[in-house]
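J.: Starting off with a structure, shown below.
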Amino acid sequence: MKEFINLVLCDYRSKRVDVHVSATLADGTLRISGQDLGPYVEDYWGDSDYEYWYSFDEENTARLLAAIHGEDDPETALLHAFSGEHGCSELRSLCARKKIEYSFFSYA
């Protein structure tokens, strides 16, 4: 499995919110990290910065990549499946449908 660091899945900017999401695949595990910034975030969370991480163990990384046909080219498959400002929502939806487990951590 080809490893990579900081594959940009989203770099969305508007007057109200900036959304930055990237993925890293190392040692057979996937980590997707994001940061949302701006007035919208402050209105919602009370802080202008919201950071979050999705972490998949080896088994669930393999299951996720199989679900998006990304065993041979995980970078392209992740970009196709989860890029853009709604990519994390798509990720959560797919994981729920396929019963793919991950840990989630966030703070504002």
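With my numbering, you'll find the sequence shown wraps up at 88, consecutive numbering, no jumps. In this text, a Cβ means the ideal position worked out from N, Cα and C, and glycines have one as well.
Would you say Ser28 touches the ligand ADP, meaning its beta carbon is less than 7 Å from a heavy atom?
T.: The ligand ADP is not part of the structure shown, which contains no ligands of any sort.
J.: Determine which residues share a DSSP beta bridge with Gly14 and list them.
T.: Position 34 of the sequence shown holds residue 14. Per DSSP, Val1 and Tyr32.
J.: State the Cα-Cα distance for the pair Met(-19) and Glu31, rounded to the nearest angstrom.
T.: As a working note, residue -19 is residue 1 in the sequence shown. As a working note, residue 31 is residue 51 in the sequence shown. If I take the Cα positions, the gap works out to 28 Å.
J.: Taking the C-alpha atoms as reference points, what is the distance between Ala57 and Tyr82?
T.: Counted from its first residue, the sequence shown places residue 57 at position 77. Counted from its first residue, the sequence shown places residue 82 at position 102. Whole-angstrom Cα-Cα distance: 18 Å.
J.: With a threshold of 16 other CB atoms inside 10 Å of the CB of Asp16, please say whether the residue is buried or exposed.
T.: In the sequence shown, residue 16 corresponds to position 36, counting from 1. So Asp16 counts as buried.
J.: Helix, strand or coil for Ser63 per DSSP?
T.: As a position in the sequence shown, residue 63 is number 83, starting the count at 1. It is coil, neither helix nor strand.
J.: Per DSSP, what kind of secondary structure is Asp(-9) in: helix, strand or coil?
T.: For the purposes of this step, residue -9 is taken as residue 11 along the sequence shown, with counting starting at 1. Strand.
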